[in-house]
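In what follows, a single structure is set out as structure tokens and then discussed.
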Amino acid sequence: MEDLNKRDQPFMAVQKNGILDNLVFQMKNGMRSIKYKPVDYQQLHALTEAKKLASASIEPKIRKAVQISKISKEQTLIKQHKQVWWQEHQRLTDVRCKMESEIKSFLKNIGNECLSDLINFEQELSEQWCMYLKNVINPIQQLRTDLKYRQHHISQHSYSHIELNAVKVLEEVDFVKKQLKAVFERLSLEQQKIENYLSDWNMKILDYSSEERSNLLSELPMELETLECPYPDLKSSILHEFCNFTEKYKKKLQEFDLQLEDISRNFQLSEEDHWIYQAVLDQYPGDLCGRRTLYLNMLQRYFPHKSRHDLVEHEKYCDQYRFAREQRRILISNWNKNRRDFIQKAVLTLAEACAAHAIEGTLAKDRRKQQELCAHLKAKVLQWRAHQEEIARLEMEISARRREKEEEKEKLWKEKELLQRAEKKKKIRKYWAKKEQKWQEMEMRDLQRLEELKKLMAEQSVKDRERVKYRQKLLEKRLVEKKEVALQEAHEEEERERRLEALRKQVAIVAQFDPVRMMSDTTASKARMGIGIEEEFILQKPLFTLNTYNEHQIISDPRLRFELALREAGLHKTFYAKEILPKINPQKPPRKDMESTIFKI
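Residue numbers (UniProt numbering): 1 to 601.
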């Protein structure tokens, strides 16, 4: 480490006294050192100017390439936007045809009086449209044709006459502009009036629905109020429990309403801009590749005065608003379901109480038994309350788990925006798809298998016992058969060995004694010694085999391909090529034991 730190320090020439004396002696005697030569600053200046000119000639090409890249990217985005808009246009056309058919069927089914009113209204609108064409559009078209005619035949008149006609034409055009301005102002006011009227009715409908929902939450059910109960304490406890149960849901609903109001106040866009934002998002389906990039690009085109950060913030708040609305809807549906269950159980409880009271009236001696029955009924109510609290706790846990899921999804989207390589995006997409599928499978399995397992466990246990007994019998039977087969194979193997031994004895060969043959050379030894064999020409083999690259490996190297591209562009001798070529890594990095360290000394 000390050597490395010393290398990083600036160069310092430390000379000894003897060397200084020699330099002084050389300077006095006019002797120059052989190691150092005078610097040619003119040549260096010329080289610098040449490099500057070369880089200046390359700079327009680089700018042009960057501009072409931007244009191609913009054209690709526009092409994708066109494809999405064409699909949206087809969908809207289908929806329009469907709505028209529904309107026609509705007009056929309604009464004659309503139909005549609609026909009169349609006729009135058509008359107004014809009047608008006659009073506004037709004069403009006539003025336009008149101007074209005058411009075409202007050469046939004198200059003063042309000037006079031009003044008249300008006055007429100004008069038409004023008329059109007044008409458009009147139409805009009428449009604003109709929009306000529709928005007022929309608010009235929403207020009525919210008021009706609040009345449902605050009012007691008629089923419980009309029922008669001989035990006032039981009925009051049931009504009190219903009020507590309704109050809890009412508080939760108010919390969701406050949360929705807080989120809506944090919106970065106005109401009209938010409507445009929602319409743009609906144009891009959820399974579209690069959906978020496309609709953010389109939103930046619609709202150039808004930054990307503002749009992303508005998107985050919209997701939170949508999630809160969904939770509110689930809460209301759960409340309706639990309310129906509560009323049904309360009616059954009161019916049981009435039956018990009738028995108590006829059998006065069983008063103690009736009190125990009342206590049992109260215990049922308390048990049901405990079940409801447990259900509410489980619902909160499920909502918290879904919220964590949404947060993790948002986190993955943010990480996906930061990743630039296609491989990482693909991995994240696969990971998210697997995790989404896993969550869905877990949720479906928890909801569906919960009821199926209870029914199948009893049947499966009986089947498993029978299957185990049957498999045990089959296993014992197979073991016996295997033992018999093994014994039979052993007997067959012994019999085969006995027959083979008898055959070996029959075909055995006894070699005769031949000492001359035993002591003489064999054919193989003669061939090895070269006796009686003609000399053959043996081609000299190379000392070692060469392991090198083939043509495909050389062409696939990115360094060679980049150099060929620079040569085709005429940029291989420029300063840019010298700077960028050493920075390109090979397709396969070299091994650490083959790396050269000669330049690191």
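C-beta: ideal position from N, C-alpha, C; glycine also.
With burial defined as no fewer than 16 other Cβ atoms inside 10 Å of the residue's Cβ, what is the status of residue i: buried or exposed?
i: H387; result: exposed
i: G30; result: Model confidence at G30 stands at a pLDDT of 48, short of 50, so the residue's coordinates are unreliable and nothing is read from them.
i: V280; result: buried
i: A324; result: buried
i: Q371; result: exposed
i: Q268; result: buried
i: Q488; result: exposed
i: H470; result: This sequence places Tyr at residue 470; His is not what is there. Label assigned to Y470: exposed.
i: E228; result: exposed
i: H491; result: exposed
i: C318; result: buried
i: W335; result: buried
i: L503; result: exposed
i: I263; result: buried
i: E315; result: buried
i: Y149; result: exposed
i: K382; result: In the sequence under discussion, the amino acid at residue 382 is Leu, which differs from the Lys named in the question. Classification of L382: exposed, given that the 10 Å Cβ count is below 16.
i: M594; result: exposed
i: Q15; result: For Q15, the predicted model reports a pLDDT of 45, less than 50, meaning its position is unreliable; a value from the coordinates is still stated below. Looking at its Cβ environment, which holds fewer than 16 other Cβ atoms inside 10 Å, Q15 is exposed.
i: L147; result: exposed
i: L311; result: buried
i: A50; result: exposed
i: A353; result: buried
Just to confirm the assignment, what range does the alpha helix (DSSP H) spanning residue i have?
i: C229; result: Unbroken run through C229: none, as it is neither H nor E.
i: L546; result: L546 -> no alpha helix (DSSP H), and no H or E assigned at all.
i: L456; result: 422-506
i: M298; result: 291-302
i: K306; result: Element bounds for K306: n/a, residue is neither H nor E.
i: T48; result: 41-109
i: K583; result: That residue, K583, is in no alpha helix (DSSP H); it is neither H nor E in DSSP.
i: F562; result: 558-569
i: I531; result: Element bounds for I531: n/a, residue is neither H nor E.
i: I140; result: 138-152
i: L281; result: 271-283
i: P515; result: 515-519
Check the C-beta distance from residue i over to residue j and give it rounded, since I have them as a contact under 8 Å.
i: W85; j: Q283; result: 7 Å
i: T574; j: A46; result: 17 Å between Cβ atoms; not a contact.
i: L143; j: V176; result: 6 Å
i: P230; j: H357; result: 4 Å
i: K378; j: S237; result: 7 Å
i: H81; j: L294; result: 7 Å
i: K416; j: K425; result: 6 Å
i: W413; j: R292; result: 7 Å
i: L107; j: L125; result: About 15 Å; that fails the 8 Å criterion.
i: S399; j: Q327; result: 6 Å
i: V136; j: V183; result: 6 Å
Of the residues the options, which one's Cα is nearest the Cα of residue i?
i: K181; options: S69, P582, I140, E124; result: I140
i: V169; options: S264, E185, Q151; result: Q151
i: T349; options: G361, T362, W384, W335; result: W384
i: L234; options: R328, L373, I62, Y470; result: L373
i: I555; options: E195, P586, T545; result: P586
i: R91; options: P582, P285, I119, K79; result: P285
i: R559; options: L581, C97, E313; result: L581
i: T246; options: L311, S105, R291, L331; result: L331
i: E579; options: R498, P590, L566; result: L566
i: N297; options: K73, R499, K483, I68; result: K73
i: R329; options: E100, A353, D257; result: D257
i: R393; options: R186, K252, N550; result: K252
i: K405; options: Q506, L288, E436, F106; result: E436
i: E272; options: S307, S199, M444, R368; result: S199
- Segment contact flag, the segment 314-323 with the segment 121-135, C-beta cutoff 8 Å, min 3 pairs: They do not touch, by the three-pair rule.
- Message: So, does the segment 54-74 touch the segment 557-575, judging by three or more C-beta pairs under 8 Å?
- Response: Flag = yes, the segment 54-74 and the segment 557-575 touch.
- Query: Do the segment 233-247 and the segment 329-349 touch if we need at least three Cβ pairs shorter than 8 Å?
  - Reply: The way I'd put it, the segment 233-247 does touch the segment 329-349; three or more beta-carbon pairs between them come closer than 8 Å.
- Message: Using a Cβ distance threshold of 8 Å, determine whether the segment 259-278 contacts the segment 299-310, with at least three qualifying pairs required.
- Response: Contact holds: three or more Cβ-Cβ distances are below 8 Å.
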